[in-house]
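*Asks:*
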Amino acid sequence: MEKKLLRFKPLLSPGEVAKRSGVAVSALHFYESKGLIKSRRNSGNQRRYTRDVLRNVAIIKIAQRIGIPLSTIGEEFGVLPDGHKINKNDWKKMSSQWREELDRRINMLTALRDELDGCIGCGCLSGADCPLRNPGDKLGEEGTGARLLEDD
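So the sequence shown is numbered by the working numbering: it starts at 167 and just counts up by one.
1. Can you give me the C-alpha to C-alpha distance between G249 and L194, rounded to a whole angstrom?
2. By DSSP, does R217 sit in helix, in strand, or in coil?
3. Mark F243 as exposed unless 16 or more other C-beta atoms lie within 10 angstroms of its C-beta, in which case mark it buried.
4. Between L177 and L202, how many whole angstroms is the CB-CB distance? I'm expecting something under 8 Å.
5. In the structure shown, what three-state DSSP assignment does L178 receive?
6. Near M260, which residues of its chain fall below 6 Å by C-beta distance, leaving aside the five closest residues on each side in sequence?
Structure follows, in structure tokens:
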């Protein structure tokens with residue numbers, strides 16, 4: 167009995183990419199508008215994607231899941247040569263940079279969680295002694311009135 171060779175389609179329609187990646191076709195168009203993925207046009211002027219777009223979409227979704235902005239993802243993709251297929255080394259570099267950001271966020275959220283119990287139900291609007299909204303009364307040093315404090 168002769169074995170049939172499975173042949174992969176070199177180009178995928180937006181619907182095929184959406185089905186395989188689990189994202190909506192509109193998301194693919196959005197990612198493309200942001201320069202995160204690229205398509206080609208066939209003779210009928212329909213979008214077609216190379217198979218490596220599936221890996222790019224997976225990376226985008228993973229990065230978004232951990233809170234990495236699309237602009238940051240785009241910066242990482244932007245340093246790769248045109249037509250480059252993301253490989254293990256590329257992923258290692260990207261993920262190590264994103265790990266630093268993720269660790270920073272984890273530390274910030276852990277500190278917030280640990281201080282949260284003391285604030286529930288206080289009703290304080292001035293925030294003079296609030297370790298979450300105004301730690302160390304930093305805003306008081308700037309004078310009276312409303313201020314917005316964000317930790318850097």
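Cβ atoms here follow ideal geometry from the backbone N, Cα and C, with glycine treated the same way.
*Replies:* In this structure, then:
1. In this structure, the alpha-carbon of G249 lies about 18 Å from that of L194.
2. In the structure shown, R217 sits in coil (DSSP, three-state: anything other than H, G, I, E or B).
3. With 16 or more Cβ atoms within 10 Å of its Cβ, F243 is classed as buried.
4. That belief does not hold up - the Cβ atoms of L177 and L202 are roughly 18 Å apart, past 8 Å.
5. Strand, per DSSP.
6. Cβ neighbours of M260 beyond the five flanking positions: E242.
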